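Student: Residues in the sequence shown are numbered from -2 upward in steps of one, following my numbering. For every residue, glycine included, the Cβ atom is placed at its ideal position computed from N, Cα and C. Quantities reported herein were computed from a predicted structural model and do not represent experimental measurements.
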Amino acid sequence: MVDNLKEKVGGVMRIGYVVGQFPKLSETFILNEISELIRRGHDVYIFSLFNSKEDIVQPEVEEYSLLERTYYPPPYHKLCIELARFDRLLFHRNRNKIKKFYCIAVARHFSKIAEKLDLDVLHAHFANEHTFTAMLMSKLTEIPFTFTAHAFDIFIDPDVEALRERMENASAVIAISKYNKKYLQTIYNNNRIFVVRACPNLKKLNKIKRIPEQFRILTVGRLVEKKGIKYGILATKEVVKEFPEVQYTIVGSGPQSVELKKLTKSLGLENNVRFLGAVDERTLMAEFSKATVFILPCVKAKNGDMDGIPVSLMEAMYLQIPVVSTNISGIPELIENGKEGFLVEPENVEQLVNALKILLQDEDMRRRMGEKGRKKIEEKFNIRKEVGKLLKIWIKVKKISTRNKGDTG
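1. Mind checking ASN334: buried by the 16 CB within 10 Å criterion, or exposed?
2. Within this structure, are the beta carbons of LYS224 and LEU293 separated by less than 8 Å?
3. Bridge partners of ASN351, per DSSP?
4. Compute the beta-carbon to beta-carbon distance between ASN426 and ASN29, rounded to the nearest angstrom, for a pair I have assumed lies under 8 Å.
5. How big is the Cα-Cα spacing for VAL308 and GLU376?
6. Identify whether LEU388 lies in helix, strand or coil by the three-state DSSP scheme.
7. Could you check how far apart the C-beta atoms of SER23 and ARG219 are, in whole angstroms? I think they sit under 8 Å.
8. Counting pairs of Cβ atoms below 8 Å between the segment 240 to 250 and the segment 264 to 276, do you hit three or more?
9. Does any C-beta atom of chain B lie closer than 8 Å to the C-beta of LEU310?
10. Whole angstroms are fine: how far does the CA of CYS196 sit from the CA of THR280?
11. Does the distance from the CB of LYS372 to the CB of LYS336 come in under 8 Å?
12. Does the beta-carbon distance from SER174 to GLY385 come in below 8 Å?
13. Go to ASN166, then tell me how far its alpha helix (DSSP H) extends in each direction, as first and last residue.
14. As a quick exercise: from THR323, ASN125, PHE129, pick the residue whose alpha carbon is nearest that of PHE107.
15. Exposed or buried, what is ASN186 when buried is set at 16 or more other beta-carbons lying within 10 Å of its beta-carbon?
16. Inspect the CB distances between the segment 130 to 141 and the segment 101 to 117 and report whether three or more fall short of 8 Å.
17. Is it buried or exposed for GLY229, if we count other Cβ within 10 angstroms and need 16 for buried?
18. Less than 8 Å between C-beta atoms, sequence neighbours within five positions excluded: which residues of the same chain meet that for LYS258?
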């Protein structure tokens, strides 16, 4: 049920979220943000560029009736009619013309809905076509827009010119880490870039009863290069020599699935490594409950992609599971080496093996690191605090927009 809490300052906000696909199992951070806003009494509407293809969805989607708040583009033939119409928005710069035309058509359609909803602000996640669409909607409706930049959208062969244009037009730009903020400032430096963390849903995690089993290693993440799961498997090969009972469970799906399973078989680890694929929340929570150690040995992918600060690491820390990850991107802002867990060099299997061996055999260290990890999440990666920061930004944006409209009215 909705908590129906009303903000004391700024009143109820009407917010339109522009996303690529909703619902999407791998984007829990967006769902967590939206759910927290609704719990606080704000009105949220979702504009999804594409229909969802997910077989499994999070329970919050039903709990908050989010599909009833979600708008999708019209059928393709209607979009073609929109594309045939001349529009000055066609002259906006974008490398991929097909994506550009699609975003223009979608923006025209969504703008009519946004105006009827009388939104205060539009917010997009990812600085790609989602933000491009939000920017176009803003131009058509005069509703201010903001966006959150994450990882692949700014690190993989970035279209710097397009990104700069979106940053110039946005009322505020949100970075998920200090590392990302510094990076964005090299592209367009102004005083409208703010750090707001992506956070886990603590209310949901509080339902989990931890009953850790011995020698259980867990990874939760998409099976893509930047997660570094290959190195977790290679490390397991060495760890089982000393701890033959080790069970390494990998939760998630992705393009590296076949490759990683082949690697596991070639190393003779079929009895020690399990691939669960995409799972429902109940199964995921059960795995968190049993885990001894959580690892996510992130790397910088060949195409430049790397993680921001993975939410799955935060979830593990809140559940008092010691974590092992790597010292790239914003991860050191979450984990202090030797305090909440261990940070190793990317692609360094030897360091990863040593960290795992230490944690698997030292229960007192696991307990101490787990306690410090939970405290870190409660204090610095708390969804209520971070959404509070976001709301302060939007309230200021709304005031400026209202004042500007009054000046030109």
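Tutor: Considering the structure as presented:
1. The Cβ neighbour count for ASN334, taken over all protein chains shown within 10 Å, is under 16; the residue is labelled exposed.
2. Yes, they are a contact pair.
3. The partner list for ASN351 (beta bridge, DSSP) is empty, contrary to what the question assumes.
4. There is no way to answer for residue 426, as the model of the chain reaches only from -2 to 406.
5. Note on geometry: alpha-carbon atoms of VAL308 and GLU376 lie some 15 Å from one another.
6. It is helical.
7. Confirmed, Cβ separation roughly 6 Å.
8. Yes: the two stretches touch, three or more of their Cβ pairs being nearer than 8 Å.
9. Absent here is chain B; the protein component of the structure consists of one chain.
10. Separation of THR280 and CYS196 (C-alpha to C-alpha, rounded to the nearest whole angstrom) is 21 Å.
11. Contact: no.
12. Not a contact, by the Cβ cut-off of 8 Å.
13. Taken as a continuous stretch (DSSP letters only), the alpha helix (DSSP H) holding ASN166 covers 157 to 166.
14. Checking every option, the nearest Cα to that of PHE107 belongs to PHE129.
15. Around the Cβ of ASN186, a 10 Å sphere holds fewer than 16 other Cβ atoms; the residue is exposed.
16. Segments in contact, yes.
17. GLY229 should be labelled buried.
18. Closer than 8 Å at the Cβ level, and outside the excluded window around LYS258, lie PHE272.
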